[in-house]
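Under UniProt numbering, the residues of the sequence shown are numbered 7 to 229, in order.
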Amino acid sequence: VASIAIEHLTKRYPSGTTALDDANLDIADGEFVAIVGPSGCGKSTLLRILAGLDTATEGHAAVEGAAPAASALPSATVFQEASLFPWMRVGENVAFAFDSLGVPRADIQRRVADVLALVGLGDYARAWPHELSGGMKQRAAVARAFVTDPPVLFMDEPFGALDEQTRVGLANELMRLWERSPKTVVFVTHGIEEAVTLADRVVVMSARPGTIKAVIPVPFPRP
Ligand code: ADP
Ligand code: ADP
7 VASIAIEHLT
17 KRYPSGTTAL
27 DDANLDIADG
37 EFVAIVGPSG
47 CGKSTLLRIL
57 AGLDTATEGH
67 AAVEGAAPAA
77 SALPSATVFQ
87 EASLFPWMRV
97 GENVAFAFDS
107 LGVPRADIQR
117 RVADVLALVG
127 LGDYARAWPH
137 ELSGGMKQRA
147 AVARAFVTDP
157 PVLFMDEPFG
167 ALDEQTRVGL
177 ANELMRLWER
187 SPKTVVFVTH
197 GIEEAVTLAD
207 RVVVMSARPG
217 TIKAVIPVPF
227 PRP
């Protein structure tokens, strides 16, 4: 069974723009899929629909067999700008992903400390978001997404705002986290190199009219 099924997915905005036009794609359980394509080709629209943040005009999408729901946010999404709550310390931001999951407090504290250490923020649990660099904030956002071990993760250019060196470092960290706890990932990026390095398959979208042009398996093992 596909972890994510996208069937005849079409999105027309009220402005008249067709952002997705009859897109079809199955993503297997545990697969890491990267979506690339020129600006405006519909990548973010597709991800927002999968994450339950927007609805399709026609067709449907199923995540783990059900209609997408925004209820799992923010434990299942990482966007370009780290959406850390500025009024919460870094550790509290990461722990927030456990809200309403009913996990015992001691477990939460252990898992938060563990995942922060994994992304190199072991000493920053009590820091405030504004005290962190852009790369550190993104690492905290990635830690928050992984800490609850969700089966599916949506990432929209999570490292897009960062410089090349930081981006490569974060991609490596993401890979380490993913290997420790493989999950279905849909990862939107402008970087074809990043896509090929990280993903099992690269989905190439074409600018007009928001269609999937090619789905390319990546035969190389991950570094
Ligand atoms: P990408 O992520 O590939 O850059 P988007 O999904 O953001 O593409 O956008 C696809 C198309 O839909 C673009 O033409 C964009 O301008 C348009 N679009 C995106 N969001 C909206 C919106 N909320 N309202 C109207 N048009 C939108
Ligand atoms: P991306 O390329 O990552 O999709 P954008 O800058 O295109 O980022 O879009 C950022 C936000 O602006 C999104 O929430 C999108 O829905 C909205 N947006 C994009 N294009 C349009 C548009 N033509 N009209 C209204 N909103 C838009």
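In this text, a Cβ means the ideal position worked out from N, Cα and C, and glycines have one as well.
Within the segment 62–87, the runs of beta strand (DSSP E) at least 3 residues long that lie entirely inside it are, in chain order, 64–69.
Any heavy atom of ligand 1 within less than 5 Å of a residue's beta carbon puts that residue on the list, which reads Y19, S21, T23, A25, S45, G46, C47, G48, K49, S50 and T51. Straight-line spacing of the CA atoms in F102 and S187 works out to 20 Å. In the three-state reduction of the DSSP assignment, V202 falls in the helix class. Between M142 and V84, the C-beta spacing is not below 8 Å. For the pair L107 and R228, the Cα-to-Cα distance works out to about 32 Å.
In the DSSP annotation of this structure, the continuous segment of the alpha helix (DSSP H) that includes M142 starts and ends at G140 to V153. DSSP links A123 through a beta bridge to no other residue. Partner residues in a beta bridge of A57, as assigned by DSSP, do not exist. By the beta-carbon neighbour count (other beta carbons within 10 angstroms, threshold 16), I198 is exposed. DSSP places R207 inside the beta strand (DSSP E), whose first and last residues are R207 to S212.
Out of D120, D32, K17 and A34, the CA that lies nearest to the CA of L26 is found in K17. If the five residues before and after K49 are omitted, its C-beta is found closer than 7 Å to the C-beta atoms of I41, G43, V194 and M211, all from its own chain and listed in chain order. Each residue's CA atom was taken as its position, placing D35 and D206 some 12 Å apart.
Under the three-state reduction of DSSP output, D113 falls in the helix class. In the DSSP assignment, V39 falls outside any alpha helix (DSSP H) and lies within the beta strand (DSSP E) extending over F38 to V42.
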